[in-house]
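Protein chains in written order, with the numbering used here: chain A, 1 to 209; chain B, 1001 to 1209. A short write-up of the structure that comes next.
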DNA sequence: TAGATTGTTAATCGATTAACAATC
DNA sequence: TAGATTGTTAATCGATTAACAATC
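So, in structure tokens, the structure goes:
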């Protein structure tokens, strides 16, 4: 029953979601795969193939209803499940992430922020008080967050991750330089801003040749 | 002469660079494609194929010298060219990027930070004073930065990008929700933290089925 | 109805993996 | 030298694109 959907398709879903969000916001009600393909610089064929991994969301002769397609993709991505998150590390990166990703508008809820730095504990970040990292175990066991966002130093990342896993956290978004390997039953997304910078650097130097 | 290297290969280069940096730091001098493949969870074949797009950096029977392979990949990525960058937008995201990406250790130089917010102008970020956005034209024409990092609001992104292009900026790292389309002769990398969050959400919900 | 556009199958293309001779 | 491991060619696999019948 459960069809396996390729990694490449999954990786494109958030981008579809973003574009549909913007198109919806601009008031457009329906869109064909051809029009969407032009906006997104991909082929219409690819869009139709991708969507049909999950079901037929369009209508022949009409195209797709923007709002409902957006909702469908949101559902596929799990955005309607009310996932909760805790943020570990209230430094620049942690705060930027907390205020930048439109957490709530995507159905996520940030329920706790932790740090070991006495200067940061008690600070207000997006309406949440930064808590002492030593209280994180009790918090996790009580609140059972769906995921933890790791915005801690390179050195402490592995230790923090191990601790959180032992407290029951099953999913991580990791911003550290070092990648976190997904252990059995644990989901991981590693994010590397530096990679984008290096790719841009490559593009620039390529043009200079 | 100039061989075309596929997008997939390019996209993997920063990851190789990161791993080699860590391996080098840990004091390991040489590594075989097999050992590296196990650390990175890719095939040894892929590593050898990827590297051979750019030349033979290894030695039969020996493997690769970690430090020199790292340097070679750095060169391919253009990290040795002393590229300079300006940051537009000194909010959370801008500051996080400035302090998180190890700019200098990768050979980049951040030479200016700009904002329109009077409260931010004059602030110190990583040893640079935040300057008034209205002075950016003169600055760009004088300093000719290799790239601009856009950490501005969704609404102002397009206007800012157009302005900077007209002042001569040829490469952008864009953190706004909306993607910037690469115009003729302009290099663009769009970064979307929210996408990683959605991918993680997908992974979590996939496991719940 | 006629026109448009999907869902889906088939064809193509490219990327990954396997294999091995070359060689350090 | 013998063993190890690369560079590279060939085989496989998967992803993308093209095409078109189904149908709104």
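Using N, Cα and C, we set each Cβ at its ideal position, and we do this for glycine too. Since we're looking at a predicted model, the values are computed, not measured.
Buried versus exposed call for residue i [16 or more other C-beta atoms within 10 Å across all chains shown]
i              : result
residue 1043/B : exposed
residue 73/A   : buried
residue 1050/B : buried
residue 96/A   : buried
residue 1149/B : buried
residue 1052/B : exposed
residue 199/A  : buried
Helix, strand or coil at residue i [DSSP, three-state]
i              : result
residue 1071/B : helix
residue 49/A   : helix
residue 1154/B : coil
residue 147/A  : strand
residue 130/A  : strand
residue 189/A  : strand
residue 1109/B : strand
residue 1063/B : strand
residue 1025/B : helix
residue 1042/B : coil
residue 960/B  : Coverage of chain B is limited to positions 1001 through 1209, which leaves residue 960/B absent and any answer about it impossible.
residue 1054/B : coil
residue 1175/B : coil
residue 1/A    : With a pLDDT of 37 at residue 1/A, under the threshold of 50, the modelled position of that residue is not reliable, and the figure given next carries that caveat. Residue 1/A: coil per DSSP, three-state reduction.
residue 181/A  : coil
residue 124/A  : strand
Within-8 Å CB hit, residue i to chain B
i             : result
residue 124/A : no
residue 78/A  : yes
residue 203/A : yes
residue 55/A  : no
residue 89/A  : no
residue 113/A : no
residue 127/A : no
Beta carbon proximity, residue i to chain A, threshold 8 Å
i              : result
residue 1095/B : yes
residue 1187/B : yes
residue 1084/B : no
residue 1002/B : Because the pLDDT at residue 1002/B is just 49, under 50, the model does not fix this residue reliably, and the value given afterwards should be weighed accordingly. Yes, contact with chain A.
residue 1068/B : no
Exercise. Is the segment 82–89 of chain A touching the segment 61–73 of chain A, taking contact as three or more C-beta pairs under 8 Å?
Worked result: Contact between the segment 82–89 of chain A and the segment 61–73 of chain A is absent, with fewer than three C-beta pairs closer than 8 Å.
For this session: Identify each residue in the segment 15–46 of chain A for which the Cβ-Cβ distance to at least one residue of chain B is less than 8 Å, and report them in chain order.
Result: Answer set for the segment 15–46 of chain A: 15, 17, 18, 22 and 41.
Problem set entry | Meets three-Cβ-pair contact criterion under 8 Å: the segment 1128–1142 of chain B and the segment 1099–1119 of chain B | Touching, yes, given that three or more Cβ pairs across the two stretches are closer than 8 Å.
Exercise. Touching or not, the segment 1186–1198 of chain B and the segment 97–106 of chain A, by the rule of three or more beta carbon pairs under 8 Å?
Worked result: Put simply, the segment 1186–1198 of chain B touches the segment 97–106 of chain A. At least three CB pairs are less than 8 Å apart.
For this session: Select from the segment 145–168 of chain A all residues with a C-beta closer than 8 Å to any C-beta belonging to chain B, and list them in chain order.
Result: Within the segment 145–168 of chain A, those residues whose Cβ lies closer than 8 Å to any Cβ of chain B are, in chain order, 146 and 147.
For this session: Indicate whether the contact test is met: 3 or more Cβ pairs, each with one atom in the segment 1159–1174 of chain B and one in the segment 18–38 of chain A, closer than 8 Å.
Result: As far as the Cβ criterion goes, the segment 1159–1174 of chain B does not touch the segment 18–38 of chain A, which means the pair count is below three.
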